[in-house]
Amino acid sequence: EPEVTQTPSHQVTQMGQEVILRCVPISNHLYFYWYRQILGQKVEFLVSFYNNEISEKSEIFDDQFSVERPDGSNFTLKIRSTKLEDSAMYFCASGQGGGKLFFGSGTQLSVL
Amino acid sequence: GQQLNQSPQSMFIQEGEDVSMNCTSSSIFNTWLWYKQEPGEGPVLLIALYKAGELTSNGRLTAQFGITRKDSFLNISASIPSDVGIYFCAGQLQGGSEKLVFGKGTKLTVNP
């Protein structure tokens, strides 16, 4: 069964460093998303991407964040200068539209 | 921002019991979805609902899209130990947004 894959599963970084989180969405999906979940809290929307551009973003997704689909299969989230409060589980998701999203297993980001 | 009020926050039940949880909002949704999350994993889609009043089953799980389009419930019948996890409702708002808004989750514990 097709699935969304994310790498790495864990990322530890120093405050101020740049990180890139990687995702391979399900191949025939057209909509791509990043969400995050701070420990014990709900899943929060960051950004959606469709037709090679950002279609929607939340207040969390400020200038320190960017997304890219560098080729036909990968979808990345970059945080330019990480802060302590960026520590969270980051989930990539993909879908065909209509709200049905499939999530990856996540990247646990720890900023020290 | 849009809020989904999910209740109860947690449930402790005996194996074999039925479970019910629900989500309400002041906003109208086009789609309601129910996800299950286990520790260290991403949310896994259980049921998707697309029409007001729709009642859909997936094995022992049954979910309904409220008539007002502002609420949904999930029932689990004859619970088993592997039902343990956090159940999230999520909705796609009316108005064309592709993002999902998540509830805060219901943590289910099943005692054998």
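Sequences listed follow chains A and B, in order.
The working numbering applies: residue 1 is where the first sequence begins, and numbers increase by one.
The working numbering applies: residue 113 is where the second sequence begins, and numbers increase by one.
Even for Gly, the Cβ is constructed at its ideal location relative to N, Cα and C.
These figures come from a predicted structure and were not determined experimentally.
Please classify residue i: is it buried, with 16 or more other beta-carbons within 10 angstroms of its beta-carbon, or exposed?
i: B:Gly154; result: buried
i: A:Ile38; result: exposed
Determine the direct distance from the alpha carbon of residue j to that of residue i, and round the result to whole angstroms.
i: A:Pro70; j: A:Glu18; result: 18 angstroms
i: B:Gln149; j: B:Tyr199; result: 6 angstroms
i: A:Phe49; j: B:Ser191; result: 38 angstroms
i: A:Arg36; j: B:Leu167; result: 30 angstroms
i: B:Ile159; j: A:Leu84; result: 35 angstroms
i: A:Asp62; j: B:Leu220; result: 35 angstroms
i: B:Arg172; j: A:Arg80; result: 45 angstroms
i: B:Lys163; j: A:Met15; result: 46 angstroms
i: B:Pro120; j: B:Asn134; result: 8 angstroms
i: B:Ala175; j: B:Asp130; result: 13 angstroms
i: B:Asn170; j: B:Asp195; result: 13 angstroms
i: A:Lys57; j: A:Thr76; result: 15 angstroms
i: B:Ile140; j: A:Gln41; result: 23 angstroms
i: A:Glu68; j: A:Asn74; result: 8 angstroms
i: A:Gln64; j: B:Ser122; result: 35 angstroms
i: B:Ser132; j: B:Thr143; result: 20 angstroms
i: B:Val222; j: B:Leu212; result: 28 angstroms
Looking at the unbroken beta strand (DSSP E) that takes in residue i, where does it start and where does it end?
i: A:Glu44; result: 44-50
i: A:Ile38; result: A:Ile38 -> no beta strand (DSSP E), and no H or E assigned at all.
i: A:Phe102; result: 101-103
i: B:Met133; result: 131-136
i: B:Thr174; result: 173-177
i: B:Val156; result: 156-161
Tell me, which residues are paired with residue i by DSSP?
i: A:His10; result: A:Gln108
i: B:Gln149; result: B:Ile198
i: B:Gly128; result: None, per the DSSP bridge assignment.
i: A:Gly16; result: None; A:Gly16 has no bridge partner.
query: Hey, is the region 4-12 of chain A in contact with the region 87-99 of chain A, meaning 3+ C-beta pairs nearer than 8 angstroms?
result: yes
- request: Report yes or no: do three or more beta-carbon pairs, one from the region 95-106 of chain A and one from the region 199-217 of chain B, lie closer than 8 angstroms?
  value: yes
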